[in-house]
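Letter 39 of the sequence shown, counting from 1, is numbered 39 in the numbering used here, and no numbers are missing.
The beta carbon of each residue, even a glycine, is placed where N, CA and C say it ideally should be.
In what follows, a structure is listed as structure tokens, so that the remarks can point back to it.
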Amino acid sequence: MVEKQHKVWFSKALKNWHLIENNRKMPWKGIKDPYKIWLSEIILQQTRVEQGLAYYNRFVESYPDVHALANAPDNQVFKLWEGLGYYSRCRNLLKTARTISIEHAGLFPASKEGLLALSGVGHYTAAAIGSFAFGLPLAVVDGNVLRVLSRVFGISAPIDLPAGRKALEQLADQLLDTNNPALYNQAIMDLGATVCKPRQPICIACPFQQKCLAFALGTTEQIPVKSKKIKQRERFFYYLILESKGKQLVRQRKGKDIWQDLFEFVLKETDEPAEEKELKSWLFWNLGTPKDKTALVSISDEMVHQLTHQKIRCRMVHLRSSALVNVEGYQWMDLSAIKQLAFPRLITRYQTSIR
Ligand code: SF4
Numbered sequence: 001m002v003e004k005q006h007k008v009w010f011s012k013a014l015k016n017w018h019l020i021e022n023n024r025k026m027p028w029k030g031i032k033d034p035y036k037i038w039l040s041e042i043i044l045q046q047t048r049v050e051q052g053l054a055y056y057n058r059f060v061e062s063y064p065d066v067h068a069l070a071n072a073p074d075n076q077v078f079k080l081w082e083g084l085g086y087y088s089r090c091r092n093l094l095k096t097a098r099t100i101s102i103e104h105a106g107l108f109p110a111s112k113e114g115l116l117a118l119s120g121v122g123h124y125t126a127a128a129i130g131s132f133a134f135g136l137p138l139a140v141v142d143g144n145v146l147r148v149l150s151r152v153f154g155i156s157a158p159i160d161l162p163a164g165r166k167a168l169e170q171l172a173d174q175l176l177d178t179n180n181p182a183l184y185n186q187a188i189m190d191l192g193a194t195v196c197k198p199r200q201p202i203c204i205a206c207p208f209q210q211k212c213l214a215f216a217l218g219t220t221e222q223i224p225v226k227s228k229k230i231k232q233r234e235r236f237f238y239y240l241i242l243e244s245k246g247k248q249l250v251r252q253r254k255g256k257d258i259w260q261d262l263f264e265f266v267l268k269e270t271d272e273p274a275e276e277k278e279l280k281s282w283l284f285w286n287l288g289t290p291k292d293k294t295a296l297v298s299i300s301d302e303m304v305h306q307l308t309h310q311k312i313r314c315r316m317v318h319l320r321s322s323a324l325v326n327v328e329g330y331q332w333m334d335l336s337a338i339k340q341l342a343f344p345r346l347i348t349r350y351q352t353s354i355r
């Protein structure tokens, strides 16, 4: 339990820093509109602010309110999301927009339980919307907050294990300034992002320097502690971009795998790197692409696409054919229609590189 005097000191130091020193600017800061706060929080999950900013502006411009987003066709929203990754966020975005628009008459719930009931809204997002839009006394606990608290209070329990995480969440709840949770939450997140950074924190500019245990003990680079490294799965993707008569073969990804609902070209996945001759035999024998009517345009160098738990190693095989062969599960589409579809970032990166 944090003593009252520590809580007062913590809150006061943070507030002063925020009002005098904090000059971090973001378009959603200080606003009370729950729609825009929610939108920014969903976009920023697992995304850097610099990258998310342009997406936030495009979404607000295209869909100024929750009804506009709820009424938008899925493909259009996915196209706007293209490049952000983690497409389950986009599916949840649409689901929640429709829930709010249809079942809640466009109004976001002003309670923790109501917010947590929305798809894609966990404790962090509920605390952000609840405190910023409605002034609810909910402490946000993101990576920035975990880092600041574990360093100031010298907590060395791993933050990725339930016990360490729980201890820090309880501490965050106790320290929250319930008179102004919005200001407090914004201030501590900004401090973590700009001063108490993961590497080389700028302790000289920090309002907590005099009492920070990690600073005093010289352990800022060791705290927060993490228990394990994320296990990586390596996958090998070979995309056949088969072009014929102004069309290409594509399909929409289904199932529980990555990139659900996004489009892709004909895919061959292997557990090990495939040789060029192996790819050619797959094209001409397994898919039945007629050899005499097909020209191999190019095979790209290997592209590496890093996801949180997976590393995708990929090559693009580009072919032109005068025959429209049928490949089960794929359909021929005009190039102009394909431009409107949302593809995984790996594919759009390749498309941009050959333009
Ligand atoms: Fe972080 Fe340094 Fe401030 Fe401690 S003194 S909270 S390590 S920036």
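Asked                                                                                                             : Found
Local conformation of residue 333 per DSSP, three classes                                                         : strand
Pair within 7 angstroms by beta-carbon distance, residue 270 and residue 215                                      : no
Exposure label - residue 177; buried when at least 16 CB within 10 Å                                              : buried
Extent of the continuous beta strand (DSSP E) run through residue 237                                             : 233 to 244
Spatially closest choice to residue 306 from 234, 317 and 251, by CA coordinates                                  : 234
C-alpha gap between residue 317 and residue 66, whole angstroms                                                   : 41 angstroms
Nearest-angstrom Cβ-Cβ length linking residue 279 and residue 238, presumed shorter than 8 angstroms              : 6 angstroms
Proximity test, residue 224 beta-carbon vs ligand 1 heavy atom, cut-off 6 angstroms                               : no
Neighbourhood of residue 116 by C-beta, 6 angstroms cutoff - its chain only, sequence neighbours within 5 removed : 126
CA-to-CA distance, residue 119 to residue 102, given in whole angstroms                                           : 14 angstroms
Under 7 angstroms between C-beta atoms of residue 343 and residue 263                                             : yes
Opposing strand residues paired with residue 251 [DSSP bridges]                                                   : 264
Residues sharing a beta bridge with residue 318, DSSP                                                             : 241 and 298
Reference residue 275; option with closest CA among 352, 302 and 250                                              : 302
Residue 305 in three-state terms, based on DSSP                                                                   : strand
Neighbour-count burial assignment, residue 82, 16 or more Cβ in a 10 Å radius                                     : buried
Whole beta strand (DSSP E) elements within the stretch 130 to 175, 3-residue minimum                              : none
Any non-hydrogen atom of ligand 1 within 6 angstroms of residue 270 CB                                            : no
Candidates 147, 189, 142 and 90: closest to residue 18 by CA position                                             : 189
Paired residues, beta bridge with residue 313 - DSSP                                                              : 236 and 304
Exposure label - residue 319; buried when at least 16 CB within 10 Å                                              : buried
Reduced DSSP secondary structure (H/G/I, E/B, other) of residue 270                                               : strand
Alpha helix (DSSP H) segment containing residue 283, residue limits                                               : Counting along the chain, residue 283 falls outside any alpha helix (DSSP H), and DSSP gives it neither H nor E.
Contact test: residue 153 Cβ vs ligand 1 heavy atom, cutoff 6 angstroms                                           : no
Three CB pairs or more closer than 8 angstroms across the stretch 51 to 62 and the stretch 150 to 167             : no
DSSP three-state assignment for residue 102, whether helix, strand or coil                                        : helix
For residue 20, the first and last residue of its enclosing alpha helix (DSSP H)                                  : 4 to 20
C-alpha gap between residue 291 and residue 87, whole angstroms                                                   : 37 angstroms
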